[in-house]
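*Asks:* In the numbering used here, the protein residues as written are 9 to 112. The structure's right below; bear with me while I get my questions together.
Right, here's the structure in full:
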């Protein structure tokens with residue numbers, strides 16, 4: 009288990025950099041809090057788009073924002089491979105009580 013924890017830290021920081029903060033509980037659940045500007049901007053746009061009228065053009069993500077979101081998903085999948093049976097959760101950057109999505 010200890011080796012998997014160290015491996016998860018290494019995977020997250022190699023893929024997402026120092027803007028990714030990792031918490032691992034005793035049961036092996038992983039929580040990610042990301043402070044990368046591309047991620048924060050992309051989530052902000054998603055939140056705004058949820059509140060727009062269907063007749064209003066939604067805000068579009070930049071290529072850099074989309075690429076970083078794909079990196080997060082790939083990282084979560086890779087971590088899940090080494091942490092089977094445990095949950096990996098991504099926290100909302102503006103409200104850390106809110107989970108954007110989780111893997112099981």
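Beta carbons: idealized from backbone N, C-alpha and C, even for Gly. In this text the structure is predicted, and so the values were computed from the model without any measurement.
Say whether the segment 86 to 98 touches the segment 54 to 73, bearing in mind that this needs 3 or more beta-carbon pairs closer than 8 Å, one atom from each stretch.
*Replies:* Cβ pair count under 8 Å is below three, so no.
*Asks:* Taking the alpha-carbon of residue 49 as reference, which of 34, 12, 73, 41 has the nearest alpha-carbon?
*Replies:* Taking only the C-alpha atoms, the option nearest residue 49 is 73.
*Asks:* So, with DSSP's three-state summary, where would you put residue 38?
*Replies:* Residue 38: strand per DSSP, three-state reduction.
*Asks:* Which residue from 111, 43, 55, 104 puts its Cα closest to that of residue 97?
*Replies:* Out of 111, 43, 55, 104, 111 has the C-alpha closest to the C-alpha of residue 97.
*Asks:* State the start and end residues of the unbroken beta strand (DSSP E) segment that holds residue 94.
*Replies:* No beta strand (DSSP E) holds residue 94; DSSP gives it neither H nor E.
*Asks:* With DSSP as the reference, identify every bridge partner of residue 110, one or two as the case may be.
*Replies:* Residue 110 pairs with 97.
*Asks:* Quick check: what's the CA-CA separation for residue 102 versus residue 42?
*Replies:* One C-alpha to the other measures close to 10 Å.
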